[in-house]
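**Student:** Residue numbers (the numbering used here): 11 to 206.
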Amino acid sequence: MKRIIFATGNAGKVREIKAILGDLGMEILSMKEAGIKVEPEENGATYEENALIKARAVAALCDDIVMADDSGLEIDYLNKEPGVYSARYMGEDTPYSIKNANLIERLNGVPDEQRTARFVCAIAAVLPDGRELTTRATIEGRIDYEEKGEGGFGYDPIFYVPEFGKTTAELTAEEKNQVSHRGKALQLMKEELKNV
Numbered sequence: 011m012k013r014i015i016f017a018t019g020n021a022g023k024v025r026e027i028k029a030i031l032g033d034l035g036m037e038i039l040s041m042k043e044a045g046i047k048v049e050p051e052e053n054g055a056t057y058e059e060n061a062l063i064k065a066r067a068v069a070a071l072c073d074d075i076v077m078a079d080d081s082g083l084e085i086d087y088l089n090k091e092p093g094v095y096s097a098r099y100m101g102e103d104t105p106y107s108i109k110n111a112n113l114i115e116r117l118n119g120v121p122d123e124q125r126t127a128r129f130v131c132a133i134a135a136v137l138p139d140g141r142e143l144t145t146r147a148t149i150e151g152r153i154d155y156e157e158k159g160e161g162g163f164g165y166d167p168i169f170y171v172p173e174f175g176k177t178t179a180e181l182t183a184e185e186k187n188q189v190s191h192r193g194k195a196l197q198l199m200k201e202e203l204k205n206v
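(1) Taking 9 Å as the threshold (beta carbon to beta carbon), is SER40 in contact with chain C?
(2) Nearest-angstrom Cα distance between ALA183 and LYS23?
(3) Kindly list the residues whose CB is nearer than 6 Å to the CB of GLN197, restricted to its own chain and excluding five residues on each side of it in sequence; keep chain order.
(4) Would you check if the region 37-46 and the region 63-83 touch, i.e. whether three or more CB-CB distances between them fall below 8 Å?
(5) Hey, quick one: how far does the beta strand (DSSP E) through GLU150 stretch, first residue to last?
(6) I'd like the list of long-range same chain contacts for GLY82, defined as Cβ closer than 6 Å, with 5 residues on each side in sequence excluded.
(7) On a CA-only basis, which of ARG98, LEU34, ILE27 is nearest VAL206? Give me that one, please.
(8) Please determine, among GLY164, PHE163, TYR155, GLU160, the residue with the shortest C-alpha to C-alpha distance to TYR170.
(9) Determine the burial state of ILE149: buried for a count of at least 16 other Cβ atoms within 10 Å of its Cβ, exposed for fewer.
(10) By the DSSP assignment, the beta strand (DSSP E) with GLY82 in it spans what residues?
(11) Which of the three DSSP states, helix, strand or coil, is assigned to LYS90?
(12) Look up LYS186 in the DSSP assignment and give the residues it is bridged to.
(13) What residue range is occupied by the uninterrupted beta strand (DSSP E) comprising SER40?
(14) Going by beta carbon distance, what residues of the same chain come within less than 6 Å of ASP166, once the five residues before and after it are set aside?
(15) What would DSSP say about TYR106, mapped onto helix, strand or coil?
(16) Kindly identify the DSSP beta-bridge partner or partners of TYR170.
(17) Are THR144 and ALA61 closer than 9 Å when you measure CB to CB?
(18) With respect to the alpha helix (DSSP H) encompassing VAL68, which residues constitute its N-terminal and C-terminal limits?
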């Protein structure tokens, strides 16, 4: 059976990935499950570059299909911050509750129509023959006034999706996988992998 190793240590991401790619007929493993330890420096200028840096680093250590993602939150009012630095914003070890509170504070007094934001996700795949594929998708929304919801992770509790009337942390796993930036980018990659 073909294997896909996903270059992440984030358990929440791994759950989403397995749910979306589960019908490809391939075994899907996290780096930890595959026994691979590597921490490449994500110093790319774009989401695609960072995803490829991670995927290439893991691909060098195995003969499987390796996938990685890089994603971020872009807030229009804050000149698309935190953007490609979303994971490192205010320091990598800073809890997201503090990062979220900081972003809400920076938007204090800003009306709904100027609180527009999007999650962006790029997925990279490195195939055993060296070919590289990338996909990108987004979800549009706005920054809420407080954290809401127990689901999701990261910036999900402050990202409000008007079509659902709730934050991505309040969506069910099924709803989130249908509309999220990662869900859509994974669906695009799934189509690419069907032709591999």
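We treat Cβ as the ideally placed atom computed from N, Cα and C, and that holds for glycine.
**Tutor:** In brief:
(1) Looking at the structure shown, chain C is missing, and only one protein chain is on hand.
(2) Within the sequence shown, the letter at position 173 stands for residue 183. Within the sequence shown, the letter at position 13 stands for residue 23. One Cα belongs to ALA183, the other to LYS23, and the distance between them is close to 11 Å.
(3) As a position in the sequence shown, residue 197 is number 187, starting the count at 1. Cβ neighbours of GLN197 beyond the five flanking positions: none.
(4) yes
(5) Taking the sequence shown and counting its residues from 1, the one referred to as residue 150 is at position 140. GLU150 -> beta strand (DSSP E) spans 142-153.
(6) Residue 82 sits at position 72 when you count from the first residue of the sequence shown. Once the five neighbours on either side are set aside, the close Cβ partners of GLY82 are GLY93, VAL94, SER96, VAL130.
(7) To locate residue 206, count along the sequence shown from 1; it is residue 196. Selected option, being the one with the closest Cα: LEU34.
(8) Taking the sequence shown and counting its residues from 1, one reaches residue 170 at position 160. Of the residues GLY164, PHE163, TYR155, GLU160, the one whose Cα lies closest to the Cα of TYR170 is TYR155.
(9) Within the sequence shown, numbered from 1, the residue matching residue 149 stands at position 139. With 16 or more other Cβ atoms within 10 Å, it is buried.
(10) Indexing the sequence shown from 1 puts residue 82 at position 72. From DSSP, the beta strand (DSSP E) with GLY82 extends over 75-85.
(11) If you number the sequence shown from 1, residue 90 lands on position 80. Correct three-state label for LYS90: coil.
(12) Taking the first residue of the sequence shown as position 1, residue 186 is located at position 176. Bridge partners of LYS186: none, in fact.
(13) For the purposes of this step, residue 40 is taken as residue 30 along the sequence shown, with counting starting at 1. 37-40 is the extent of the beta strand (DSSP E) around SER40.
(14) Within the sequence shown, residue 166 is the residue found at index 156, counting from 1. Closer than 6 Å at the Cβ level, and outside the excluded window around ASP166, lie THR178, ALA179.
(15) Residue numbering aside, residue 106 sits at position 96 when the sequence shown is read from its first letter. In the three-state scheme derived from DSSP, where H, G and I count as helix and E and B as strand, TYR106 is classed as helix.
(16) Counted from its first residue, the sequence shown places residue 170 at position 160. For TYR170, which the question treats as bridged, DSSP gives the partners ARG152, THR177.
(17) Translated into the one-based positions of the sequence shown, residue 144 becomes position 134. Translated into the one-based positions of the sequence shown, residue 61 becomes position 51. Going by beta carbons, THR144 and ALA61 fall inside the 9 Å limit.
(18) Counted from its first residue, the sequence shown places residue 68 at position 58. Start and end: 57-69.
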